[in-house]
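Shown next, in C-alpha cells, is the structure this report addresses.
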Amino acid sequence: MSDVIDRPILAAEEAAKSRLRIIDCDVHPSIHAHADIEQFMPKRWQQHLRTYGSHLRTPYIGTTPYPRSSPLIARRDAWPPTGGPPGSDLDFMRKQHLDPLDIEYGILQVLDLFIFSQQNLEFGAAVQRAINDWQLAFWSDRDPRLKASILAGQDDTEFAIAEIERCAKIGRYVQINVCPRANEPLGRRRYWPIYARAQELGLPLGIHVGGYGGHAPTGSGWPSYYVEEHQSNAHTMAAQLTSLVLEGVPERFPNLKIVFIEGGFGWIPSTTWRMDRHFEAFRSEVPHLKRRPSEYVKEHFWFTTQPIDEPDEGKHLRSLIEWVGADRLLFSSDYPHWDFDDPRYAFKTPLTEAERRKIFNGNARAVYKF
Amino acid sequence: MAATRIDCDIHPAVGGTRTTLLPYLSDHWKEQVVSRAIDGLDLNSYPPNMPFTGRVDWRPAGGKPGSDLKMVQRGAFDQLGSSHAICNVIYGAQAVFDSYMAADFCKAINDWIAAEWLSRDPRLSASIVVPMQAPDLAVEEIERRADDNRFVSVLVLAQGETLLGRRHYWPVWQAAAKHKLPVAIHAGSAYRTAPSSIGWPSFRYEYYLAEAQAFQAQLLSLIYEGVFGKFPDLKVVLMESGVSWLPAFMWRANKTWRGVRVEVPWVEREPASIIRDHVRVTMQPFDGPPDAVGVADVIEQIGSDKMFLFASDYPHWQFDGDDPMPPHLPASIASRMCQDNPLETFPRLKLAA
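See the structure below:
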C-alpha cells in the first residue's frame, strides 16, 4: 500500500522530465459578497433577491434539506484567512490548490444561489446570467487557468438557448451546464434544442450533481440522513445516463459530448451491463436505438473521477477503471469541498503512465479543446 | 429425484379482484369490488402484454403469464429443473391508497395462494403479501399467517410509500424477525414518487433499470436508520434487483459512511459488512459483465458466497432456453446458491420429502 500512498506524483513526474500538469474538471468558486454578484443583475432582481430570496422546492429558507457534514460542505482548512466562504478568495485558492497541485486548468462549477432550482424562472435566469458574467470578471479574467461554464437551466429552454448564444458570442466558456435534478429526465425531447445548439457550437454538455427538482432524492422516497442523500447523487447520475441513452440523445446528436461531473464512476459498469442485459426484452419500446446502449456510453460520455471509489483491494479499483475505460475519465478534485480528492493520493491503485496522462490531462484537453 | 434446487422467485399471477380473489374477500369488499367495479390492479411495473412480463413460451392461451398452475409447474419444475419454488405475487394490493382495501386484498391474495397453489403442490411455498400502507395491519397479516410454515418470507415492493428503514415500519420488521421470516423486497413500484430523483421517465425499460437504484436506497435506509442493529436476526432478500451493482455500491457506502458516520453513530460497522451479514440477492437478473473474468471479478468483489440465491424469475423474460443460471458463474457459487443459501436464508422452508 505504501508504495502507492507515498508516491509523490509530482516528484515522479519531474524525474521523468516531462511534467504532467493536472486539469481539474471540478473547482467550486464561491461568491465573496452579495454585491459581487448583484452588480451583474438588473435592479429589479437585486431587489427581488433581497426581498423574496430563493424560492425552492425545499422546506427551509436558510439551509439545505439535509444538514451537511461540515459548514458549507467545505474542507475545514479551506476557509480563506481574509474572510468569506471557502472558494471565494482567488489568492487563497491559488495558494492552497492551483499552485501546489500544479493545476494547468481548472473548470469552474458554480453552485451558489441555487442556480438551477429557482421556482421563479425569470429570477433563475437573472441569477444564471449574472453568474455567467461573474465567472469571467472575478475568475477567468484574473487567472487564465480557470475556465467558465455557461449555466443554462434547461427548464426555461428559451432562456437557456438565448443565454448560450449570448455567452458563445463572448467565446470564453468551455461547456454548457444543465441540472441533473430538475423537472424531467434530461433525455426528454423538450430539452433537445439545447443539445442541438451545444452540438453546433462544439461545446460539451456538463452535468454536475445537485439541484432541487422536487422529486425525492431516491426512487423509494425521502431519506432521513445526509449520508443517504450524499450517496443518492450516484443514483441520479445513473438515471440520467440511462435517460440520455435510451431517449436516443447520442443517436440524434452524434457529435455532442456529455460530461458527468461529481458523480464518481463506480456505478457506470453495472449501469451499462444492466442496460445491455435488458436491451433485447425492451428493444421494441426503443426502436430508435440503432446500437446497444453500452456502445453509446463508450463514445459519447465522459465522467469526472471524484468522489473516487476506495475498495479495500487496489485491484478492484483497477478492474473498475478498465471496465469504464481510462479514455472516459477526467480527473476532478471538487475543491474546496469536504470530500475533495487529492490528485496525488486519490487513486489507490497504480496507473500506467498512459492512463495517468489521459485521466489527469489528455482526456480533458481533448474534450474541452484546450 | 433430482438434486435440491430452490427457485427463490417465481410469479403466479392474480387474474383479478372480481374473479380470482372474489371468493377470498370479506363480505364488505366482495360487495364493493362488484358494485364499484374495482379491478385491473395489475401493477404498472409489469403490463401483462409487455414482452418482458412473460416469455413467449410461458404465455397461456388465455390469461396472464403465470396464471395457470399446470403451466407454471411445467415451466418452473419440469423445464427449468427446480425441485422447489417460492411464489411471490406481484399485484396491485400493495399500491392501493385505501389501507383497509389494501389489507383485505392482501389477505385474499395470501388465502388464494395457500388454497389454490400451495395446497395443490407441496413443492411450492410463498411470501406473505402485506399492506405496508398501514403497518399495524401488516403486522396483523403476518401474525395471521405465522403458523403456516408454507409462508417463508414477507413481501414488500422496492418502491412503496416511504423508505423501508423508517421507524414507522419497525413493528413489521419485529414481527418478521420474531417468526423467522426474511423480508423480501421485490422489484415493483406503487408509483408514489418518481422512480428516481430526476423525474418520471418515458419508457418502461428506463423505469425497470432505475429499480436497481431504488433497491440501493432501500439498503442505505435500512442500514442507516439502524434496523439491523435493532433486529440483529433480520434478513433482507433483494428480489429481481440486479446484482452487479453491489460492489461499487458497497465501496461508495463505506467511503461515505467513513466521512459522515458522525450523523449515524448507531451504525458501528462498515455498511458493506452489514450487507454481507443481513442481505441476500436472487440471481435473476444478475446483470453481469459479458465475460467470465468479469463475472468472477464481480463475485469476488461482493465478497461473500452466502448472499446469492438461485432464481428464475419465471415467467419474466430474463433468459432464453432451459437454464436460469447466469452465464460464467463460478462453480462454487452455483452449487451454494441452489440449496445451502436458500435454506439458510428462509429458515421456515421445509423441503418436501
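Protein sequence lines correspond, in order, to chains A and B.
Quick note, my numbering runs 650 ahead of the 1-based positions in the first sequence.
Quick note, my numbering runs 347 ahead of the 1-based positions in the second sequence.
Where a beta carbon is used, it is the ideal one built from N, C-alpha and C, also for glycine.
The structure presented is a predicted model; accordingly, all values stated were derived computationally and were not measured.
Handout entry: Beta-carbon spacing of T999 of chain A, S982 of chain A below 7 Å
Key = Using a Cβ distance threshold of 7 Å, T999 of chain A and S982 of chain A do not count as a contacting pair.
Problem - Neighbour flag for V877 of chain A against chain B, beta carbons, 7 Å - result: By this cut-off, V877 of chain A is an interface position.
Handout entry: Near-chain A residues of the segment 504-522 of chain B (beta-carbon distance less than 8 Å), N- to C-terminal order
Key = Contact residues of the segment 504-522 of chain B toward chain A are A505, Q506, G507, E508, T509, L510, L511, G512 and R513 (C-beta to C-beta distance below 8 Å).
Handout entry: Residue nearest to F915 of chain A in terms of C-alpha spacing, selected from A:L751, A:E972 and A:R694
Key = Its Cα nearest to that of F915 of chain A, the residue A:E972 stands out among A:L751, A:E972 and A:R694.
Exercise for the section: Consult DSSP for W784 of chain A and reduce its assignment to one of helix, strand or coil. Expected result: Looking at W784 of chain A - three-state DSSP - the assignment turns out to be helix.
Exercise for the section: Tell me, please, whether the CB atom of E553 of chain B is closer than 7 Å to any CB atom in chain A? Expected result: By this cut-off, E553 of chain B is an interface position.
Problem - is_contact[A866 of chain A, chain B] using C-beta, thresh 7 Å - result: Chain B contact via Cβ: present.
Problem - Spatially closest choice to I820 of chain A from A:A846, A:A832, A:I844 and A:A787, by CA coordinates - result: Nearest C-alpha to I820 of chain A: A:A787.
Exercise for the section: Return no unless some Cβ of chain A is closer than 7 Å to the Cβ of P694 of chain B. Expected result: For P694 of chain B, no CB of chain A lies under 7 Å from its own CB, so it is not counted at the interface with that chain.
Exercise for the section: Give a yes or no on contact between the segment 739-752 of chain A and the segment 760-776 of chain A, applying the rule of three or more CB pairs nearer than 8 Å. Expected result: Touching, no.
Exercise for the section: Could you give the DSSP three-state label for S651 of chain B: helix, strand or coil? Expected result: Coil.
Exercise for the section: Identify every residue that forms a DSSP beta bridge with F690 of chain A. Expected result: According to DSSP, F690 of chain A bridges with nothing at all.
Handout entry: Per-residue DSSP class, three states only, for L372 of chain B
Key = For L372 of chain B, the three-state secondary structure derived from DSSP is coil.
Exercise for the section: Select from A:P937, A:R927 and A:I681 the residue whose C-alpha is nearest the C-alpha of D783 of chain A. Expected result: Closest option to D783 of chain A, Cα to Cα, is A:I681.
Exercise for the section: Go ahead and label I711 of chain A buried or exposed: buried means 16 or more other beta carbons lie within 10 angstroms of its beta carbon, across all protein chains shown. Expected result: Exposed, since its Cβ has fewer than 16 Cβ neighbours within 10 Å.
Handout entry: Rounded C-alpha distance that separates D389 of chain B from G507 of chain B
Key = Each residue's Cα considered, the two are about 15 Å apart.
Practice task
Return no unless some Cβ of chain A is closer than 7 Å to the Cβ of I532 of chain B.
Solution key: False, the Cβ-Cβ gap to chain A never drops below 7 Å.
Problem - CB contact below 7 Å: S799 of chain A versus chain B - result: No, no contact with chain B.
Exercise for the section: Check whether the Cβ atoms of A534 of chain B and E587 of chain B sit closer than 7 Å, and answer yes or no. Expected result: Taking the C-beta atoms as reference points, E587 of chain B is found nearer than 7 Å to A534 of chain B.
Exercise for the section: At 8 Å on the CB atoms, spell out the chain A contacts of K602 of chain B, in chain order. Expected result: Chain-ordered, the chain A residues with CB closer than 8 Å to the CB of K602 of chain B read P957, D959 and E960.
Practice task
Please determine, among B:G635, B:M654, B:A681 and B:G387, the residue with the shortest C-alpha to C-alpha distance to Q665 of chain B.
Solution key: If we check each option's Cα against that of Q665 of chain B, B:G635 comes out closest.
Problem - Three-pair Cβ contact test at 8 Å for the segment 886-895 of chain A versus the segment 908-927 of chain A - result: Yes, the segment 886-895 of chain A touches the segment 908-927 of chain A.
Practice task
Using a cut-off of 7 Å between C-beta atoms, extract the partners of E935 of chain A located in chain D.
Solution key: Checking the listed chains, one finds no chain D in this structure; the protein chains it contains are A and B.
Practice task
Assign P731 of chain B to buried or exposed, taking buried as 16 or more other Cβ atoms, counted over all protein chains shown, within 10 Å of its Cβ.
Solution key: Given that chain B is displayed from residue 348 to residue 700, the structure contains no residue 731 of chain B and the question cannot be resolved.
Practice task
May I ask you to report which of helix, strand or coil DSSP gives Y841 of chain A?
Solution key: Per DSSP, reduced to three states, the secondary structure at Y841 of chain A is helical.
Practice task
Could you run through the segment 378-405 of chain B and flag, in chain order, every residue whose CB is less than 7 Å away from some CB of chain A?
Solution key: Listed by position along the chain: P398 and F399.
Problem - Identified DSSP bridge partners for V590 of chain B - result: BP columns for V590 of chain B are empty, so no partner.
Exercise for the section: Would you verify that the beta carbon of R703 of chain B is, or is not, closer than 7 Å to some beta carbon of chain A? Expected result: This structure gives no information on residue 703 of chain B, because the portion of chain B shown stretches from 348 to 700.
Exercise for the section: Answer yes or no: does any C-beta atom of chain B fall closer than 7 Å to that of H684 of chain A? Expected result: Output row for H684 of chain A: interface = no.
Exercise for the section: Please list the segments of the beta strand (DSSP E) lying wholly inside the segment 731-814 of chain A, counting only runs of 3 or more residues, in order along the chain. Expected result: If we require 3 residues or more, the beta strand (DSSP E) runs fully inside the segment 731-814 of chain A come out as 753-758 and 796-801.
Practice task
Measure the C-alpha to C-alpha separation of R847 of chain A and I811 of chain A and round it to an integer number of angstroms.
Solution key: Whole-angstrom Cα-Cα distance: 7 Å.
Exercise for the section: Find out if the Cβ-Cβ distance for the pair V645 of chain B, S682 of chain B is shorter than 7 Å. Expected result: In this structure, V645 of chain B lies away from S682 of chain B, with their beta-carbon atoms at least 7 Å apart.
Exercise for the section: Between the Cα of S882 of chain A and those of B:F575, B:V574 and B:F562, spot the shortest distance and give me the residue it belongs to. Expected result: Ranked by Cα distance from S882 of chain A, the first of B:F575, B:V574 and B:F562 is B:F562.
Practice task
Name, please, each residue of chain A whose Cβ falls closer than 7 Å to the Cβ of G701 of chain B.
Solution key: Nothing about residue 701 of chain B can be read from this structure; chain B reaches only from 348 to 700.
Practice task
Just the C-alpha distance for D354 of chain B and V607 of chain B, rounded to the nearest angstrom, thanks.
Solution key: If you draw a straight line from the Cα of D354 of chain B to the Cα of V607 of chain B, it is about 39 Å long.
Practice task
Note down, in chain order, every chain A residue with its Cβ under 9 Å from the Cβ of P632 of chain B.
Solution key: Close to P632 of chain B, with beta-carbon spacing below 9 Å, are these residues of chain A in chain order: R924, R927 and H928.
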